[in-house]
Amino acid sequence: MKKELRTYSFDGIDKLNCQIWLPEGLEGPLPAILFLHGSGERGTDESILAFQALPKYLTAGREIPAVVICPQCPEDMKWKEILPQLGFVLEDVLQSYPIDRAKVAITGISMGGFGTWYAACTWPERFCRAAPICGAGDPVLAPMVRHLPWRIFHGDADPAVDTSYSHKAYAALQTLGADVELTVFPGVTHNCWDKSYLETDLIHWLVTGK
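For the sequence shown, this note's numbering begins at 1 and goes up steadily by one.
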């Protein structure tokens, strides 16, 4: 896949990077995945995005039949704190590339799992499906996203983010009749994203919904 880089600046944020990965040889409009990284990849050096999950797999040569959008959260900030800026970046990318707006999925790991929850709740009509991994948000907001299909993942031995976050989000969505699945990996600690993305059909589901 071909990687392009865009850099943005906002009031209070000097630099916000965004990697855009484009499948070569495919004609649009294409599905898209918005990926939100964890706390360890924050900063202004976009190369560290390759340390974990989707940007890591793509850097290593993985092909995904979708535009993969990988913004970088500034140092010492959380996704929840920069949702207006994230929304601007996403809209700019959607306008600039051959993306089908009805087929934009969102996923993220750890801090990005929480970001996935809050971004979906902030823009409930912008995404077609969502997959937070080892991170979720306030279950009180579940009614806003009951219409979305959800896949939630967590390791049951996670010392960094308690598994209860995923259980509570799942229970809230299930109570509302949402299309939601929860996968808990026995004995797995914080890095459950490699199992989630590489050992299940999650990436295929994010792209196709099947």
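Beta carbons are placed, not taken as given, at the ideal position from N, Cα and C, and that holds for glycine.
All of these numbers come straight from a predicted model, not from anything done at the bench.
Query, Result
"Residue 27 (DSSP reduced to helix, strand or coil)", "coil"
"Cα-Cα separation, residue 36 to residue 107", "6 Å"
"With 16 other Cβ atoms within 10 Å as the buried cut-off, status of residue 140", "exposed"
"Buried versus exposed, by CB contacts within 10 Å (16 or more), residue 148", "buried"
"N- and C-terminal bounds of the beta strand (DSSP E) containing residue 19", "13 to 22"
"DSSP state of residue 110 mapped onto helix, strand, coil", "coil"
"Residue 143 in three-state terms, based on DSSP", "helix"
"C-beta atoms of residue 151 and residue 202 nearer than 8 Å", "yes"
"Three-state secondary structure assigned by DSSP to residue 97", "coil"
"C-beta atoms of residue 117 and residue 136 nearer than 8 Å", "yes"
"C-alpha distance - residue 187 paired with residue 80, whole-angstrom precision", "29 Å"
"Boundaries of the alpha helix (DSSP H) in which residue 53 is found, first to last residue", "53 to 59"
"Coarse secondary structure for residue 84, derived from DSSP in three states", "helix"
"Segment contact flag, the region 187 to 198 with the region 46 to 56, C-beta cutoff 8 Å, min 3 pairs", "yes"
"Selection from 21, 87, 167 and 46 that minimises the alpha carbon distance to residue 183", "167"
"Length-filtered (3 minimum) beta strand (DSSP E) runs lying within the region 157 to 199", "180 to 185"
"Top-ranked residue by Cα proximity to residue 93, from 204, 9, 20 and 2", "20"
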